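See structure below.
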Amino acid sequence: MWLPQEQGVPAQLDEPTSPREVDVRGRTGWEVQFTDQSINRTGRIVTYAIDAETGVALSRSTPGLALELSDPLIDEPFDPALFTWTGPTRDEEDLANAGQREYEAKMQALSQMPAAQVTWTPGKIQARPIDGDPRTGALNLQVMPNYQDFTLRQWVTELGEPAGELSTRTPLMHRATVGPWTYEIRSHTPIDTGDCERIIASIVPADLPSTPADQIREAIDLEAAEQADAKLTRMLGTGRRLADYLGGDGGVSLLIRTDFSDDAKWREAAAAAMAPGEGENSDFSADLTCIDNPENNGLSIPDLIERIGDHPPYYVFIADHTTITDPEHPILAVDTGPEDFGSTRGQTVRVIPSQMWSVENNLSISNMDFDEFVESAGPDGVYRGF
Numbered sequence: 001m002w003l004p005q006e007q008g009v010p011a012q013l014d015e016p017t018s019p020r021e022v023d024v025r026g027r028t029g030w031e032v033q034f035t036d037q038s039i040n041r042t043g044r045i046v047t048y049a050i051d052a053e054t055g056v057a058l059s060r061s062t063p064g065l066a067l068e069l070s071d072p073l074i075d076e077p078f079d080p081a082l083f084t085w086t087g088p089t090r091d092e093e094d095l096a097n098a099g100q101r102e103y104e105a106k107m108q109a110l111s112q113m114p115a116a117q118v119t120w121t122p123g124k125i126q127a128r129p130i131d132g133d134p135r136t137g138a139l140n141l142q143v144m145p146n147y148q149d150f151t152l153r154q155w156v157t158e159l160g161e162p163a164g165e166l167s168t169r170t171p172l173m174h175r176a177t178v179g180p181w182t183y184e185i186r187s188h189t190p191i192d193t194g195d196c197e198r199i200i201a202s203i204v205p206a207d208l209p210s211t212p213a214d215q216i217r218e219a220i221d222l223e224a225a226e227q228a229d230a231k232l233t234r235m236l237g238t239g240r241r242l243a244d245y246l247g248g249d250g251g252v253s254l255l256i257r258t259d260f261s262d263d264a265k266w267r268e269a270a271a272a273a274m275a276p277g278e279g280e281n282s283d284f285s286a287d288l289t290c291i292d293n294p295e296n297n298g299l300s301i302p303d304l305i306e307r308i309g310d311h312p313p314y315y316v317f318i319a320d321h322t323t324i325t326d327p328e329h330p331i332l333a334v335d336t337g338p339e340d341f342g343s344t345r346g347q348t349v350r351v352i353p354s355q356m357w358s359v360e361n362n363l364s365i366s367n368m369d370f371d372e373f374v375e376s377a378g379p380d381g382v383y384r385g386f
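Last residue of the sequence shown: number 386 in full-length UniProt numbering, and the count goes up by one each step with no gaps.
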């Protein structure tokens with residue numbers, strides 16, 4: 001039984017010396033020494049002491065590091081109580097969250113997929129002498145092939161490039177379409193075009209999926225729609241209580257549903273309000289905490305202001321009857337800040353969902369005053385952008 005190797009490059013040990021008897025913490029053992037020939041450790045002496053009775057390694061030492069086995073219990077029965085747990089327990093299923101289970105299932109499926117085989121990669125070969133005789137020309141070389149790591153992506157061209165993969169953050173070196181497949185090479189270390197072309201030319205392609213492309217695309221689109229719907233359901237905050245979000249430091253922007261006549265229109269309006277901006281504003285979105293609870297049905301602005309009192313939040317957004325029924329779904333923004341700070345409590349302006357990112361982002365960091373959006377609204381009291 002050998003002790004675990006050190007982290008990093010495994011040791012490459014030559015023939016051991018003859019054993020000599022030693023004593024390690026009161027146990028008789030046999031000591032042998034090796035010379036480590038691995039890279040960067042050439043000539044380092046590694047010493048093991050092997051227990052004379054059991055064959056277990058009692059010690060291992062290298063320059064600057066020594067490990068010894070102390071007070072081993074050999075062939076003695078363990079007390080069964082040592083393996084008895086009396087604390088709280090939970091089922092194994094509870095230990096892994098849904099995301100981890102999904103990841104493990106995906107990796108299991110990937111391991112069983114037919115994969116493209118790369119049969120050539122660019123590399124350099126280094127060699128260094130480890131022994132020989134200059135007089136005779138005899139020479140022993142340690143040959144070390146050095147290959148460059150890179151990421152090879154492949155997809156069925158007809159189905160299109162997979163979106164949202166972390167590997168796309170790695171710089172793109174080359175892309176080519178060969179038959180039904182598109183291949184892409186990505187690497188943090190530059191690879192010249194000629195080598196990239198040779199890599200792709202060397203690929204033995206994998207078998208195509210047995211399912212027709214149109215059926216695969218339909219299944220992917222359905223799965224994406226289901227995931228988006230599930231995400232929106234989580235974001236809508238069904239069952240959240242408004243009282244739990246009043247007061248405090250005012251660090252949330254509330255979207256309160258006060259009309260429960262049409263669930264589909266509510267979901268449509270809320271999703272549009274939380275969607276990223278368009279064009280050059282696509283990096284911005286309204287960070288809304290939705291309150292979807294029937295106890296707020298018909299909640300009026302005076303009642304809401306009374307419930308808020310003098311504490312945050314200093315503005316709220318409401319999805320009321322007009323929001324649900326109007327084709328533009330304009331959301332009602334309400335100024336609930338203290339009048340001592342220049343706010344006009346109860347002042348309102350409606351905001352079309354596509355401009356919610358602008359209003360929420362600026363109000364949340366006090367970059368703009370509520371009045372500025374009121375003044376920029378149209379004659380109908382709806383803010384549609386500056």
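Glycine residues also receive a C-beta, built at the ideal position from the N, C-alpha and C atoms.
For clarity, every value in this text was computed on a predicted model and none was experimentally measured.
Burial state of residue i, where buried means 16 or more other Cβ atoms lie within 10 Å
i	result
V156	exposed
L110	exposed
M356	buried
F341	exposed
Y383	buried
A49	buried
T336	buried
R60	buried
I266	This sequence places Trp at residue 266; Ile is not what is there. Looking at its Cβ environment, which holds 16 or more other Cβ atoms inside 10 Å, W266 is buried.
N367	exposed
S300	exposed
R350	buried
F386	exposed
A138	exposed
S70	exposed
I365	exposed
P134	exposed
L73	exposed
Straight-line gap, residue i to residue j (C-alpha atoms, nearest Å)
i	j	result
V118	I185	12 Å
T121	Q33	39 Å
N146	C196	17 Å
I352	H329	6 Å
N293	L332	17 Å
P302	H321	16 Å
M144	I125	6 Å
G164	M274	20 Å
P19	L166	54 Å
F83	E76	15 Å
G378	P327	16 Å
D131	P16	18 Å
L159	Q215	10 Å
Q112	A270	41 Å
P338	T323	26 Å
Q142	D36	14 Å
S343	C290	24 Å
H311	R234	27 Å
L67	V46	12 Å
V316	A264	22 Å
D346	G239	Reading the sequence as shown, one finds Gly at residue 346 and not Asp. Whole-angstrom Cα-Cα distance: 26 Å.
A52	D79	27 Å
A105	E161	22 Å
Q54	Q12	In the sequence on display, residue 54 carries Thr and not Gln. Straight-line Cα distance between these residues: approximately 25 Å.
G64	R44	11 Å
D221	D14	59 Å
Extent of the continuous beta strand (DSSP E) to which residue i belongs
i	result
T17	Element bounds for T17: n/a, residue is neither H nor E.
G194	Per DSSP, G194 belongs to no beta strand (DSSP E); it is in the alpha helix (DSSP H), T193 to A201.
Q33	R27 to D36
D75	Where D75 is concerned, there is no enclosing beta strand (DSSP E), given that its DSSP letter is neither H nor E.
Enclosing alpha helix (DSSP H) for residue i [first to last residue]
i	result
I216	A213 to M235
Neighbour flag for residue i against chain C, beta carbons, 7 Å
i	result
Q355	Of the protein chains in this structure there is only one, and it is not chain C.
Inset, instruction - Would you mind listing the beta strand (DSSP E) stretches within the UniProt domain "DUF6924" (253-386) that are 3+ residues and don't spill past its ends, in chain order? - result: 253-257, 288-291, 315-319, 331-335 and 348-351
Legend entry - Any 3 or more C-beta pairs closer than 8 Å across the region 167-182 and the region 194-205: yes
Legend entry - Segments assigned beta strand (DSSP E), at least 3 residues, entirely inside the region 122-184: 123-133, 138-147, 151-156 and 172-178
Inset, instruction - Say whether the region 255-266 touches the region 203-213, bearing in mind that this needs 3 or more beta-carbon pairs closer than 8 Å, one atom from each stretch. - result: no
Inset, instruction - Assess, as a yes-or-no matter, whether the region 210-230 is touched by the region 277-287 under the definition of 3 or more beta carbon pairs within less than 8 Å. - result: no
Legend entry - Completely contained beta strand (DSSP E) runs for the region 42-69, where each covers 3 or more residues: 44-51, 57-62 and 65-68
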